[in-house]
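Rendered as structure tokens:
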């Protein structure tokens, strides 16, 4: 386990000297099977695997859950070790931000939609901390879940725009038995809220199925999902069908698209998304992963 | 000579494989002895030296001199070769910006003063292109002139804030015989303007001397420089005494400080700066380099 940037750099240099490649799995901790699936993917690629655990204050807005975000480093450490993480990097806020940053990253239009509308500055904070982690670890590949789809696309775009020498690998969302996307924030849910939360993935999968079966008008899919969510008493923040390329809204599903939604269940904000593939028949939903 | 990112990466990988370290000298071309002094410094450190030549549109504002910025790549190539540059990187605008960037760098307070006041967005553009060059070349050390002092401090701060794995080396300003700091923009000056332009460095050196001799009140030094510049018919944009640390204005020269000035000589904007060292006697002006 390393807590300082210099320890990480020394460790990485040693691995490089041994001819190893480096895989990075950046997390905010409170690990679940989604995080661990990223580690397994990195292991399978043959990397020495660095996992970072850092609840990044820069990506939380005022009134958000930075203070109460769940943390359990002892449990995380055991899970990481058991899954084959080679180095766990758990920096303090002071190690990552010894002073207020003068230079940060700024995300353009890609951040001014979907989750960005209710979380101004969030993706600037994400891009900044991920760039820092990339500079500290210098991984060959970095692994992110598709569950945070807008984040994934923004990080991939950051890598392209800034020529970062790293490959960003998006990995399928891991789900509970009833379809709920795994998230550290699921622990906020009361048993009753937890039951209702399953409607989110169910509505999205239903739309993905209808799309494959021939419903290619985005408005129709969005309306159907919105209705199912509202009927289940979930407060809809957005439901949106967008191009995978630039997250721009589409009218017709005639190219690689994604259907994304954010809801509130009680006080808890949940997000999820599925791939939309028009006319692909009744195939397996690509965003679903059996565990 | 390389024009593409992939050529540079292949070349750098090869040098790394041979056990070489890499030094980067980023420039906008139209090379003068200032640029070449950076190359010599990088050679002396034993690096394989990459020089980039790229007139970066992102750091020019509307109405600035992007279009007429002097370019002479054939001459630059000869000078670079003669000085021992190992790889000249001359990307096109399309190679650096294949599309409008979604993710850029943003500089805080350090950019909201001095040159930043008349050139909004300038240092964001500088930070963004330099980060890209750092990611493309992955140098061990990068060399910048002290002549663009605010730029140098912003790049050093960027490296610290974003944990970039590169060491930024600031190198002394190289000057013409009459003290004028070398700059590609000096070629804009008419013979008469060129003569008057020498007052800029002369006034700054005079203030540095007075400071060493005991004048430690910043306002007094600033006023004296302003007066000399105005008397010579130079239009003063700013004269400012700041801490080297954070470029914050000081009242007293009682720590490492810098005296910076920007003027217009006719249509041409010129900048220069000197170190302020209180009570150091009549020593050699540290910003002056004999060629």
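Protein chains in written order, with full-length UniProt numbering: chain H, 1 to 291; chain Z, 1 to 291.
All C-beta atoms in this analysis are idealised placements derived from N, C-alpha and C, irrespective of residue type, glycine included.
Since this is a predicted model, take the numbers as computed values, not measurements.
| Item | Value |
| --- | --- |
| Is there a Cβ of chain Z sitting closer than 7 Å to that of residue 136 of chain H, yes or no? | yes |
| Alpha carbon to alpha carbon, how far is residue 102 of chain H from residue 66 of chain Z? Give it in angstroms, no decimals. | 26 Å |
| Please determine if the stretch 245-252 of chain H and the stretch 204-215 of chain H are in contact, where contact requires at least 3 C-beta pairs separated by less than 8 Å. | no |
| Taking the alpha-carbon positions, what's the residue 184 of chain H to residue 32 of chain H distance? | 7 Å |
| Got a sec? Which residues, its chain only, sit under 7 Å from residue 263 of chain H by beta carbon, not counting five neighbours each side? | 200, 229, 234, 235, 236, 237, 270 |
| At 3 residues or longer, what runs of the beta strand (DSSP E) sit wholly inside the stretch 150-234 of chain H? | 167-171 |
| Measure the C-alpha to C-alpha separation of residue 86 of chain Z and residue 77 of chain Z and round it to an integer number of angstroms. | 11 Å |
| Of the choices H:114, H:28, H:71, H:151, whose alpha-carbon is the least far from that of residue 124 of chain H? | H:151 |
| Once DSSP output is grouped into helix, strand and coil, what is the label at residue 52 of chain H? | strand |
| Would you say residue 102 of chain Z faces chain H, with C-beta separation under 7 Å as the test? | yes |
| For the ligand ADP, is there any heavy atom lying closer than 6 Å to the beta carbon of residue 270 of chain H? | Absence of the ligand ADP from the depicted structure is noted, as is the absence of any ligand whatsoever, leaving it without description. |
| Looking at chain H, is there any beta carbon in it that lies within less than 7 Å of the beta carbon of residue 110 of chain Z? | yes |
| Is the Cβ-Cβ distance between residue 208 of chain H and residue 130 of chain H less than 7 Å? | no |
| Would you call residue 117 of chain Z buried or exposed, if buried means 16 or more other Cβ atoms sit within 10 Å of its Cβ? | exposed |
| Specify, as a first and last residue, the run of the alpha helix (DSSP H) that residue 259 of chain Z falls within. | That residue, residue 259 of chain Z, is in no alpha helix (DSSP H); its beta strand (DSSP E) goes 257-265. |
| To which residues of the same chain is residue 202 of chain H closer than 7 Å at the C-beta, ignoring the five residues directly before and after it? | 179 |
| Can you tell me where the alpha helix (DSSP H) with residue 268 of chain Z in it begins and where it stops? | Counting along the chain, residue 268 of chain Z falls outside any alpha helix (DSSP H), though it belongs to the beta strand (DSSP E) covering 268-276. |
| Does residue 27 of chain H come out as helix, strand or coil in the three-state DSSP assignment? | strand |
| How far does the beta strand (DSSP E) with residue 142 of chain Z in it reach, from first residue to last? | 141-145 |
| Listed from N- to C-terminal order along the chain, which residues in the stretch 249-266 of chain H have their beta-carbon within a distance smaller than 7 Å of any beta-carbon of chain Z? | none |
| What does residue 165 of chain H touch in chain Z if you count any residue whose Cβ is under 7 Å from its own? | 135, 138 |
| Mapping the DSSP letters down to three states, classify residue 22 of chain H as helix, strand or coil. | strand |
| Helix, strand or coil: how does DSSP classify residue 111 of chain Z here? | helix |
| Flag residue 148 of chain Z as yes if its beta-carbon sits less than 7 Å from any beta-carbon of chain H, otherwise no. | no |
| Three-state secondary structure (DSSP) at residue 12 of chain Z? | helix |
| Can you give the beta carbon distance from residue 164 of chain Z to residue 135 of chain H, rounded, assuming they're within the 8 Å contact cut? | 5 Å |
| Taking the straight line between their C-alpha atoms, what separation do you get for residue 143 of chain H and residue 224 of chain Z? | 58 Å |
| Taking DSSP as the reference, what is the three-state secondary structure of residue 103 of chain H? | strand |
| Check residue 237 of chain H in the structure and name its three-state DSSP category. | strand |
| With distances taken Cα to Cα, identify the nearest neighbour of residue 59 of chain Z among Z:97, Z:89, Z:88, Z:25. | Z:97 |
| Going by DSSP in three states, residue 284 of chain H sits in which element: helix, strand or coil? | Unreliable positioning characterises residue 284 of chain H in this predicted model, as indicated by a pLDDT of 46, which lies under 50. A coordinate reading is not provided. |
| Here's the rule I'm using: 16 or more other beta-carbon atoms within 10 Å means buried, otherwise exposed. How should residue 42 of chain Z be labelled? | buried |
| Buried or exposed, going by whether 16 or more other CB atoms sit within 10 Å of the CB of residue 1 of chain H? | exposed |
| Below 7 Å on C-beta distance, what does residue 51 of chain H contact in chain Z? | Near residue 51 of chain H there are no residues of chain Z at all, since even the closest Cβ is about 17 Å away, more than 7 Å. |
| Compare the C-beta of residue 21 of chain H with all C-beta atoms of chain Z and state if any pair is closer than 7 Å. | no |
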